[in-house]
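**Student:** Everything in the first sequence is counted per the working numbering, starting at 26 for the first residue and increasing by one. Backbone N, C-alpha and C define an ideal beta-carbon position, used for all residues, glycine too.
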Amino acid sequence: MLKKEIEVIINKAVKQWIEEGQLKIKQIPSFLIEAPPPNISGDFSCNVAMIMAKEVKTSPYKVAQKITALIDTVNICSKVEIAGAGFINFFVSSGRLYKELEIICKQGKVYGKENIGKKELVQIEFVSANPTGPLHIGHGRGAAIGDALANILSFTGYKVEKEYYLNDRGKQIEVLGCSVMLQYDKISGQQLDRKEEEYLQEKKSEDMYKGEYIEEIARKIFKDKKYDKIKGREDAGHWFFEKEAIKIIQGWIEQVLKDLGVKFNTWFQESKLYEKKGRQTQIDKVITLLKKKGYLYDKDEAVWFASSKLGDEKDRVVIRKNNEPTYLASDIAYHYNKFIQRKFKKVINIWGADHHGYVARLKGVITALGCNPQDLQVILYQLVSLYRGGKQIAMSTRKGEFVTLSEVINEVGADVCRFFFLMRGANSSLDFDLEIAKKQSPENPVYYIQYAHARICSIFKEAKKRKYSFRKNNIHLESLKEPEEMELIKRLAFYPDIIELCTRKLEPHHLVIYLQDLAKKFHSYYNKFRILSNDTVLSQARLELVKGVKIIINNGLSLLGVGVPEKM
RNA sequence: GCCCCUAUAGCUCAGUUGGAUAGAGUACUGGCCUCCGAAGCCAGGAGCGCAGGUUCGAAUCCUGCUAGGGGCACCA
């Protein structure tokens, strides 16, 4: 990485200064190396002089002068300048840039791979939507972010596991079973057992899930005649309808995620936490543990978790009056499982922003379990609004009126879908316009990048057709002299920095923006210069350049999980 | 009422750990294919919600205000 190389020579210069005995500081302060703004010439810019100026008690400019004099630029820079208040600007030599292009072409798929994670075991839990209905567009955003992040972190040396937490029990599930049962009763012509009828009567006052899919599930159960076989038995009743409904809905969810190109390593069922292992369940186990640690107390016939002592607004119930554990109890057991039993070093949970109130509570849980709450990172993504031609589409999950993720994928395609989900930072709310997403035109940024790749593939086809007689191992990159060419190589060389940025901040969207910029520079270059010409040596060098672009676009889009077509 | 997020060009958004003259896309207008893919390129305007503060330097940090979204369960 060029940036790292420059960091090394700066450190070396400052160290030398210290060793000369004139500089009396304990350690070299952390400084910044970045690309200067476009109006400034130079490839990298360093603020070390400005940061040190205070401590050294001279002007930044003088500090910069001293450092610049000591810098050994051989092999990397052609020039080092002081600019502005005391920035040190580095000009990377063309020789070093040619070398970088060589590295890109040689390393191909692994270019930019740096072992940031050092094989640390990381879990990313995402989507985790309740299996009470089909996924909607918001879940898609979580899916795309989680999956892209998993790809990126794997690339940067983490051992990543992707997990879907399936809330297959609890009140919502009961309501689901009930809703299906009610529909089943209608469809079958009151064929339910008396026991079940009574249960329905009892629950009728509660809010039921609405929407066509409930009917669809009921119809499927009726068609399969599964209920008839067990009617009247102990294991029938609402349990049966719950189980069947979950099975069917989970099937839908898995299918949509597959269509979107998302695959999980593990589907973790909440109900597993309630299975007895020996004498007690996982829930019992953690409750006992927290009780022993003094984090639980009894009040109003319920058991409370003293989360307010751990950063939460107030204390929370973990065991209800009726002796039923709450969702939080499940989550305590679940995160005990993640951190203690499965030994994940870092756990990343990706949630919709509507769950933000839950973060403090869960961090409190992690602390209570004796783990470091910083090892749990929660990424909150803002909500997605669906538009069609500039008009917002109203959705209501409760009424069962919503556009499903599956419908969106069918309409615009998985690549576009993923790209749209990833092109904004998670903290920005996302307007997803179906009309724009569907357009196969420049308005749609997905095609813009894919087009660059396809174009390059087509150039290589053309080169083959023209039967250039290239000499292998004798490429003269020095013939790349145009400023646009040097600029392109610089952009390519910046790819590893972008990957590092995405990893450090857990934000895939930087990669999207980078790829758009790279594609732009390529298209512009392509329009101004001819890759293939009578000058064989130049043509070969330029082919090498666009090959580099092709590699980076391929690598980048692959990490995002977006397809990379050779022709369109 | 309390908490979180957001406010940057007409619109949708970038902006790296506080750095230099704040960038794209889109829309609008005009130009560019005898030539490797015109799903492309080139040229043209305007902006950091408001008021203070911190400092060599603020879109970025702090305080107050305004507007929008979300959250404040013995639901998940």
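1) Which residues in the same chain have their Cβ closer than 8 Å to the Cβ of Y494, if we skip the five residues on either side of it in sequence?
2) Please check the pair D356 and L387, which I expect to be a contact at CB under 8 Å, by giving their CB distance rounded to whole angstroms.
3) From the DSSP secondary-structure annotation, give me the bridge partner or partners of Q417.
4) Just grab the DSSP bridge partners of H161 for me.
5) Counting only runs that start and end within the region 347-391, where is the alpha helix (DSSP H) found for 4 or more residues in a row?
6) Taking the alpha carbon of K124 as the reference point, which residue from R516, E507, K592, L502 has its own alpha carbon closest?
7) On a CA-only basis, which of A243, G586, F115, K592 is nearest G171? Give me that one, please.
8) If we ignore side chains and look at the alpha-carbon of each, how far apart do Q475 and Y183 end up?
9) Determine the burial state of T313: buried for a count of at least 16 other Cβ atoms within 10 Å of its Cβ, exposed for fewer.
10) Does DSSP put Q216 in a helix, a strand or coil?
11) What would DSSP say about Q47, mapped onto helix, strand or coil?
12) Which residue's Cα is closest to the Cα of D440: V471, A94, Y136?
13) Tell me the rounded alpha-carbon separation between I149 and K187.
14) In the structure shown, what three-state DSSP assignment does S119 receive?
15) Using the C-alpha atoms, what's the distance from K272 back to L505?
16) Please state whether DSSP places T291 in a helix, a strand or coil.
17) Under the rule that 16 or more other beta-carbon atoms within 10 Å means buried, what is L174, buried or exposed?
18) Curious, which full-length beta strand (DSSP E) runs of at least 3 residues does the region 539-582 contain?
19) Report the partner residues of S70 according to the DSSP bridge assignment.
20) Could you tell me the distance, in whole angstroms, from the CA atom of V99 to the CA atom of I461?
21) Please classify R244: does DSSP put it in a helix, a strand, or coil?
22) Does the beta-carbon distance from I58 to K28 come in below 8 Å?
23) Between the Cα of R555 and the Cα atoms of N64, I484, K301, K368, which residue gives the shortest distance?
24) What separation, rounded to the nearest whole angstrom, lies between the Cα atoms of Q208 and C482?
25) Looking at C-alpha atoms only, which residue of S549, E512, R529 is the closest neighbour of G67?
26) Use the C-beta contact count for I255: other C-beta atoms within 10 angstroms, 16 or more gives buried, fewer gives exposed.
27) With three or more beta-carbon pairs closer than 8 Å as the criterion, would you say the region 126-143 touches the region 91-106?
28) Assign V342 to one of three DSSP states: helix, strand, or coil.
29) Does the region 110-129 come into contact with the region 326-340, if we say contact requires no fewer than three beta-carbon pairs (one atom in each stretch) closer than 8 Å?
30) For C396, name the three-state secondary structure that DSSP assigns.
31) Nearest-angstrom Cα distance between R496 and E127?
32) Over what stretch of residues does the alpha helix (DSSP H) that includes K463 continue unbroken?
33) The alpha helix (DSSP H) that contains Y234, what's its start and end?
34) What are the boundary residues of the beta strand (DSSP E) that includes K324?
35) Under 6 Å Cβ to Cβ from I373, same chain only, skipping five residues before and after it: list those, please.
**Tutor:** Taking the structure as given:
1) Position 469 of the first sequence, counted from the first residue, corresponds to residue 494. This sequence places Ser at residue 494; Tyr is not what is there. So the list reads T561, once near-sequence residues are dropped.
2) Your numbering for residue 356 matches position 331 in the first sequence. Your numbering for residue 387 matches position 362 in the first sequence. Between L387 and D356 the Cβ distance is about 6 Å, and since that is below 8 Å, they are a contact.
3) Here residue 417 refers to the residue found at position 392 when the first sequence is read from its first residue. Note: Q417 sits in a beta bridge opposite Y412.
4) If you number the first sequence from 1, residue 161 lands on position 136. DSSP lists T429 as partners of H161.
5) 352-361
6) Position 99 of the first sequence, counted from the start, is the residue given in the question as residue 124. Of the listed residues, the one whose Cα sits closest to K124 is L502.
7) In the first sequence, counting from the first residue as 1, residue 171 sits at position 146. When only C-alpha atoms are compared, the closest one is G586.
8) In the first sequence, the residue the question calls residue 475 occupies position 450. In the first sequence, the residue the question calls residue 183 occupies position 158. Whole-angstrom Cα-Cα distance: 28 Å.
9) If you number the first sequence from 1, residue 313 lands on position 288. Under this definition T313 is an exposed residue.
10) Along the first sequence, read from residue 1 onward, the residue named residue 216 stands at position 191. Residue state, collapsed to three classes: coil.
11) Translated into positions along the first sequence, residue 47 becomes position 22. Coil, per DSSP.
12) What you label residue 440 is simply residue 415 of the first sequence in a count that begins at 1. Comparing Cα positions, the closest option is V471.
13) Taking the first residue of the first sequence as 1, we reach residue 149 at position 124. Taking the first residue of the first sequence as 1, we reach residue 187 at position 162. The straight-line gap from Cα to Cα measures roughly 5 Å.
14) The residue given as residue 119 occupies position 94 in the first sequence. S119: helix per DSSP, three-state reduction.
15) Your numbering for residue 505 matches position 480 in the first sequence. Your numbering for residue 272 matches position 247 in the first sequence. Looking at the two C-alpha atoms, the distance is approximately 60 Å.
16) Along the first sequence, one-based indexing puts residue 291 at 266. Strand at T291.
17) One-based indexing of the first sequence puts residue 174 at position 149. When all chains shown are included, L174 counts as buried.
18) none
19) Translated into the one-based positions of the first sequence, residue 70 becomes position 45. Per DSSP, E59, N114.
20) Locating residue 99 in the first sequence gives position 74, counting from the first residue. Locating residue 461 in the first sequence gives position 436, counting from the first residue. V99 and I461: Cα-Cα distance of roughly 50 Å.
21) Locating residue 244 in the first sequence gives position 219, counting from the first residue. The answer is helix: DSSP assigns R244 an H, G or I state.
22) Position 33 of the first sequence, counted from the first residue, corresponds to residue 58. Position 3 of the first sequence, counted from the first residue, corresponds to residue 28. Going by C-beta atoms, I58 is nearer than 8 Å to K28.
23) Working through the first sequence from its first residue, we reach residue 555 at position 530. Taking only the C-alpha atoms, the option nearest R555 is I484.
24) By 1-based counting over the first sequence, the position of residue 208 is 183. By 1-based counting over the first sequence, the position of residue 482 is 457. Roughly 55 Å separates the two Cα atoms.
25) As a first step, residue 67 must be located in the first sequence, where it is residue number 42. Minimum Cα distance to G67 is reached at E512.
26) Here residue 255 refers to the residue found at position 230 when the first sequence is read from its first residue. Classification of I255: exposed, given that the 10 Å Cβ count is below 16.
27) no
28) Position 317 of the first sequence, counting from 1, holds the residue named residue 342. V342 falls in the strand class under three-state DSSP.
29) no
30) Sequence index remark: in the first sequence, residue 396 carries index 371 (1-based). Coil, per DSSP.
31) Indexing the first sequence from 1 puts residue 496 at position 471. Indexing the first sequence from 1 puts residue 127 at position 102. So the two alpha carbons sit approximately 15 Å from each other.
32) Start at 1 with the first residue of the first sequence, and residue 463 comes out as number 438. 459-463 is the span of the alpha helix (DSSP H), which, as asked, contains K463.
33) Here residue 234 refers to the residue found at position 209 when the first sequence is read from its first residue. It is not in any alpha helix (DSSP H) - Y234 carries neither H nor E in the DSSP assignment.
34) Position 299 of the first sequence holds residue 324. Looking at the DSSP string, the run of the beta strand (DSSP E) that includes K324 is 321-324.
35) The residue you call residue 373 lines up with position 348 of the first sequence. So the list reads I149, Q402, once near-sequence residues are dropped.
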